[in-house]
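Adding 672 to a residue's 1-based position in the sequence shown gives its number in our numbering.
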Amino acid sequence: IQMLSHRPLILNPLALDSLPYTVEAGPATATILDEIYGVDFYDAPYFLATARSGQNPAIDELWEARTMDEWQGLADEFGFTQVLVHRGITLQLPVVAQNENGITLYQVQDR
673 IQMLSHRPLI LNPLALDSLP YTVEAGPATA TILDEIYGVD FYDAPYFLAT
723 ARSGQNPAID ELWEARTMDE WQGLADEFGF TQVLVHRGIT LQLPVVAQNE
773 NGITLYQVQD R
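What follows is the structure, encoded as structure tokens:
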């Protein structure tokens, strides 16, 4: 995704299995999982089981329910400007681009 979007990822759910080798990233990963994904790092079996598919209904619902102001607050805290989602997710943000597979890039507006 980074190569295609020319953007860094705040968290790559597909790379969580590398966390034991980068223990120093644990606290930041726990914060990101909690505040952005709504997942308790210390009790995340369902999230981890669905992370490879990129689809988790609980996270999808949380993200769709977030207001533009809530996204702006997270963007300010974590330093991101865009959100990339899979098919079927509609965020309360302006669409930047969408591909034929339904992957959508949303823009978080500056305050």
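We put the CB at the ideal spot given by N, CA and C, even for glycine.
- Pairing Thr762 with Glu742 gives a Cβ-Cβ distance that is not under 8 Å.
- By the Cβ-count criterion, Asn728 is buried, with 16 or more other Cβ atoms from all chains shown falling within 10 Å of its own Cβ.
- The Cβ neighbour count for Val755, taken over all protein chains shown within 10 Å, is at least 16; the residue is labelled buried.
- Counting along the chain, the unbroken beta strand (DSSP E) around Gln770 starts and ends at 767 to 770.
- Contact annotation: Gly710 and Leu734 have beta-carbon atoms nearer than 8 Å.
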